[in-house]
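Number of protein chains: 2
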Amino acid sequence: MIKIVLLGAGNVATHLYKVFKEASNIEVVQWYNRNLKAIEMYKNEVDITDDVNALIEADVYIIAISDDAIEALSTSLPFENRLVVHTSGSARLYDIDQKHYRGVFYPLQTFSKDVDLDFTTVPICIETLRKKDFKLLETIGESLGCKTFKVNPKQRPALHLAAVFVNNFTNQIYRIAHEITEKQGAEFDILKPLIAETARKVQEVSPYLAQTGPAKRNDKKTIKRHLKLLDNPHHEDVYNLMTESIKKTHGR
Amino acid sequence: MIKIVLLGAGNVATHLYKVFKEASNIEVVQWYNRNLKAIEMYKNEVDITDDVNALIEADVYIIAISDDAIEALSTSLPFENRLVVHTSGSARLYDIDQKHYRGVFYPLQTFSKDVDLDFTTVPICIETLRKKDFKLLETIGESLGCKTFKVNPKQRPALHLAAVFVNNFTNQIYRIAHEITEKQGAEFDILKPLIAETARKVQEVSPYLAQTGPAKRNDKKTIKRHLKLLDNPHHEDVYNLMTESIKKTHGR
Numbered sequence: 001m002i003k004i005v006l007l008g009a010g011n012v013a014t015h016l017y018k019v020f021k022e023a024s025n026i027e028v029v030q031w032y033n034r035n036l037k038a039i040e041m042y043k044n045e046v047d048i049t050d051d052v053n054a055l056i057e058a059d060v061y062i063i064a065i066s067d068d069a070i071e072a073l074s075t076s077l078p079f080e081n082r083l084v085v086h087t088s089g090s091a092r093l094y095d096i097d098q099k100h101y102r103g104v105f106y107p108l109q110t111f112s113k114d115v116d117l118d119f120t121t122v123p124i125c126i127e128t129l130r131k132k133d134f135k136l137l138e139t140i141g142e143s144l145g146c147k148t149f150k151v152n153p154k155q156r157p158a159l160h161l162a163a164v165f166v167n168n169f170t171n172q173i174y175r176i177a178h179e180i181t182e183k184q185g186a187e188f189d190i191l192k193p194l195i196a197e198t199a200r201k202v203q204e205v206s207p208y209l210a211q212t213g214p215a216k217r218n219d220k221k222t223i224k225r226h227l228k229l230l231d232n233p234h235h236e237d238v239y240n241l242m243t244e245s246i247k248k249t250h251g252r
Numbered sequence: 001m002i003k004i005v006l007l008g009a010g011n012v013a014t015h016l017y018k019v020f021k022e023a024s025n026i027e028v029v030q031w032y033n034r035n036l037k038a039i040e041m042y043k044n045e046v047d048i049t050d051d052v053n054a055l056i057e058a059d060v061y062i063i064a065i066s067d068d069a070i071e072a073l074s075t076s077l078p079f080e081n082r083l084v085v086h087t088s089g090s091a092r093l094y095d096i097d098q099k100h101y102r103g104v105f106y107p108l109q110t111f112s113k114d115v116d117l118d119f120t121t122v123p124i125c126i127e128t129l130r131k132k133d134f135k136l137l138e139t140i141g142e143s144l145g146c147k148t149f150k151v152n153p154k155q156r157p158a159l160h161l162a163a164v165f166v167n168n169f170t171n172q173i174y175r176i177a178h179e180i181t182e183k184q185g186a187e188f189d190i191l192k193p194l195i196a197e198t199a200r201k202v203q204e205v206s207p208y209l210a211q212t213g214p215a216k217r218n219d220k221k222t223i224k225r226h227l228k229l230l231d232n233p234h235h236e237d238v239y240n241l242m243t244e245s246i247k248k249t250h251g252r
């Protein structure tokens, strides 16, 4: 049984708690949060605390809090030479106090409190200093049914940055499409199968090969017609930059 | 039985031919292409021709060719007062010669020759001048298991434009993410579940509500760190513009 102490009560911590609870070889022996209210509803199923001095022994302490708070919390932990990891895509491994064995257990996925998620689809990016710690975190990831990936200190921030592109920026592209259809009273729903298919396609072929459309063809007539349709200067900026981007990639 | 003559041999025409063939109440009575070679492989299952003067009678003539060629082909058809439609998202209904009853049967989806597609997920946007013609096209769409939508001359181009955003621009965002991960030797595969989840989320909640991340939170520290990581000025431009776009939408 792998004993885990969880620290934090945000989206990632809450999702982790729920999947840890389901895993047969993992036990969350304690859940810490500086504000007890946020985890009080779980007090009947797990030991909860808001006092770092009351933390009990475990195989790994998983800190799932905001990047800026990791360093201070890890320093405040009243023990040393135990495995302490954070779950951030962008905080450094070295943000964890050096009195601990340090690691990162970064689930690369978007977590919303209200949206259920099949956790087995979540890739876990693991960074450690000791091989032994990597093995333990790998076992935890696999116990959740996840694929695990060994990453280095340059790859994880690159993945986090790329995640902002495919998640936040893509979602904003959807938002602009929503604004464009709404303006003409057309249903955004009509675009949903295309959104799904566009994401599905790159599960199999590279984005480079998957590309189609007027920018790739350098179809000036359609591009001109589109720009004429756009009456929002900001939408126009996005159209122009993304069209240029596609042309650059496809050598137009 | 609804009799259809199909004109053209591109991706859309080929996909349509295949699904029409499967539909129980639809018969493709003839397939025209100006270059017979492209459809010769189907000559044992359907009447093929490269001669507009050899076109036979049908309930509807579906022109699935490039936008620029629609007008000329429709004019060259040696009959009048029959229903002739095109499948384009951006060509005007009036591009079809006025000697015909005119309409548009626009499947809003991305079609690749090599990628199989569940056609029942494809929304069909229909535009006609006569109610009767709308009914017929609606029946055809429903026979394929598709959802059909009545659109007007302003909505269809808006949908086509929005489709360029959610398909081509999103795909280019994926491409940039691929470039960013590749540069550090990180696997693009790690991003695929996030790509899938981002698309899945907006099937249920609006892109506005689905948004998360540093730009929405106006997390200046993370944004600054990301900009420092980006060493490609073009990627930087996209990062800056999309970050501004999210801030605009979420009132930052």
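Line order of the protein sequences matches chains A and B. One point on numbering: in the UniProt record's numbering, the residue at position 144 of the first sequence is 144, and numbering is uninterrupted. One point on numbering: in the UniProt record's numbering, the residue at position 78 of the second sequence is 78, and numbering is uninterrupted. Glycine residues also receive a C-beta, built at the ideal position from the N, C-alpha and C atoms. For clarity, every value in this text was computed on a predicted model and none was experimentally measured.
Assumed close pair residue i, residue j - CB separation to whole angstroms, cut-off 8 Å
| i | j | result |
| --- | --- | --- |
| B/Thr222 | A/Val166 | That belief does not hold up - the Cβ atoms of B/Thr222 and A/Val166 are roughly 16 Å apart, past 8 Å. |
| A/Gln30 | A/Thr14 | Not really, about 15 Å apart at Cβ, beyond 8 Å. |
| A/Leu159 | A/Val151 | 7 Å |
| A/Phe119 | A/Leu144 | 6 Å |
| A/Thr238 | B/Ser206 | One point to set straight first is that residue 238 of chain A is Val, not Thr, in the sequence displayed. Going by Cβ atoms, the distance from A/Val238 to B/Ser206 rounds to 18 Å, so no, they are not a contact pair. |
| A/Val85 | A/Ile65 | Contact flag wrong, Cβ pair sits at about 12 Å. |
| B/Pro157 | A/Val122 | Going by Cβ atoms, the distance from B/Pro157 to A/Val122 rounds to 39 Å, so no, they are not a contact pair. |
| A/Ile126 | A/Phe134 | 6 Å |
| A/Ile173 | B/Ile173 | 7 Å |
CB contact below 7 Å: residue i versus chain A
| i | result |
| --- | --- |
| B/Met1 | no |
| B/Arg175 | yes |
| B/Thr222 | yes |
| B/Val19 | no |
| B/Pro157 | yes |
| B/Lys113 | no |
| B/Thr121 | yes |
| B/Ile48 | no |
| B/Ile124 | no |
Alpha carbon of residue i to alpha carbon of residue j, nearest angstrom
| i | j | result |
| --- | --- | --- |
| B/Pro214 | B/His250 | 12 Å |
| B/His100 | B/Arg82 | 5 Å |
| A/Arg200 | A/Asp51 | 46 Å |
| B/Ser112 | A/Thr212 | 9 Å |
| A/Lys216 | B/Ile190 | 26 Å |
| residue 316 of chain A | B/His178 | The structure shown does not extend to residue 316 of chain A, since chain A is modelled only from 1 through 252, so no value can be given for it. |
| B/Lys248 | A/Tyr208 | 30 Å |
| residue 283 of chain A | A/Leu36 | No information on residue 283 of chain A is available, as it lies outside the stretch 1 to 252 that chain A covers here. |
| B/Ile195 | B/Arg175 | 12 Å |
| A/Arg225 | B/Asp219 | 37 Å |
| A/Leu73 | A/Arg92 | 14 Å |
| A/Asn25 | A/Asp95 | 29 Å |
| B/Lys183 | B/Pro233 | 14 Å |
| B/Ala69 | B/Cys146 | 27 Å |
| A/Glu204 | A/Asn53 | 50 Å |
| B/Gln155 | A/Ala186 | 6 Å |
| A/Gln98 | B/Asn240 | 35 Å |
| B/Leu129 | B/Arg102 | 7 Å |
| B/Leu136 | A/Val19 | 51 Å |
| B/Val115 | A/Pro153 | 37 Å |
| A/Tyr42 | A/Val12 | 16 Å |
Any C-beta of chain B under 7 Å from that of residue i
| i | result |
| --- | --- |
| A/Leu108 | yes |
| A/Phe149 | yes |
| A/Phe165 | yes |
| A/His178 | yes |
| A/Leu73 | no |
| A/Asn168 | yes |
| A/Tyr208 | yes |
| A/Asn171 | yes |
| A/Lys192 | yes |
| A/Met41 | no |
| A/Ser245 | yes |
| A/Leu137 | no |
Cβ neighbours of residue i in the same chain (closer than 8 Å, five flanking residues each side left out)
| i | result |
| --- | --- |
| residue 256 of chain A | Outside the shown range of chain A (1 to 252) lies residue 256 of chain A, about which nothing can therefore be said. |
| A/Ala38 | Ala9 |
| B/Leu117 | His15, Gln109 and Phe111 |
Residue i: CB within 6 Å of a non-hydrogen atom of the ligand ADP
| i | result |
| --- | --- |
| A/Gln203 | No copy of the ligand ADP occurs in the structure displayed, which carries no ligand at all. |
Same chain, Cβ closer than 7 Å to residue i, neighbours up to 5 away in sequence not counted
| i | result |
| --- | --- |
| A/Val202 | Ala210 |
| A/Glu142 | Thr148 |
| B/Ala163 | Gly89 and Leu108 |
| A/Glu236 | Leu227 and Leu230 |
| A/Glu138 | Ile126 and Thr148 |
Neighbourhood of residue i by C-beta, 6 Å cutoff - its chain only, sequence neighbours within 5 removed
| i | result |
| --- | --- |
| B/Lys3 | Glu27, Val29, Ala58 and Asp59 |
| B/Leu7 | Tyr32 and Ile63 |
| A/Glu71 | Asp95 |
Just list the alpha helix (DSSP H) runs in the segment 103-179 of chain A, keeping only unbroken ones of 4 residues or longer that don't cross its boundaries, in chain order. As far as the segment 103-179 of chain A is concerned, its whole alpha helix (DSSP H) runs of at least 4 residues are 131-143 and 155-163.
In chain order, each alpha helix (DSSP H) run of at least 4 residues that lies wholly inside the segment 30-116 of chain A: As far as the segment 30-116 of chain A is concerned, its whole alpha helix (DSSP H) runs of at least 4 residues are 67-76.
Pick out the complete alpha helix (DSSP H) segments inside the segment 211-248 of chain A, 4 residues or longer, and give them in chain order. Counting only runs of 4 or more, we get 214-217 and 220-229.
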